[in-house]
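As structure tokens, the structure follows; a few thoughts come after it.
Okay, here's the thing in structure tokens:
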């Protein structure tokens, strides 16, 4: 190995690799532009032409819910138990709060995994590597 005679450089190399891998696996964010129309594709035929799903001039919401009920095989009333209908549409604040909490938990788990990986690399190169 090229770094065998230089333990400091090998420690920096593995620290950098661990850091890059930790950042690569820590994100769960999807950009909003992922779901926007970007040209003429076959997927564009399936997308609704209206911007809002609550638009009373379209039957987008009823079509979506009938599709979910027919092909989704979800238990009856699953969405009615989580979201309540109001004047401005569906109120799903409880669902959003639970999602934000789970995202924070995932970030904590990923950060602790990265820290453990860094500690194990440091232990290996400081204590075990000189004896090999």
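In mature numbering (1 follows the signal peptide of the UniProt record, and there is no 0), the protein residues as written are -22 to -1, 1 to 110.
For every residue, glycine included, the Cβ atom is placed at its ideal position computed from N, Cα and C.
Note that the structure is predicted; figures quoted are calculated from it, not measured.
TODO: Determine the burial state of residue -5: buried for a count of at least 16 other Cβ atoms within 10 Å of its Cβ, exposed for fewer.
DONE: buried
Task: Alpha-carbon spacing of residue 42 relative to residue 75, whole angstroms - done: 24 Å
Task: Buried versus exposed call for residue 93 [16 or more other C-beta atoms within 10 Å across all chains shown] - done: exposed
TODO: Output yes if chain B places a C-beta closer than 8 Å to the C-beta of residue 44; else output no.
DONE: The chain labelled as chain B is not found in the depicted structure, where only one protein chain is given.
TODO: Please say whether residue -10 and residue 96 have beta carbons closer to each other than 8 Å?
DONE: No. Outside cutoff.
Open item on the list: With a threshold of 8 Å on Cβ separation, who are the neighbours of residue 100 within its own chain once the five nearest residues in sequence on each side are excluded?
Closed with: -12, -8
TODO: To the nearest angstrom, report how far apart residue 54 and residue 90 are at their CA atoms.
DONE: 39 Å
Task: Burial state of residue 52 (16 or more Cβ within 10 Å) - done: exposed
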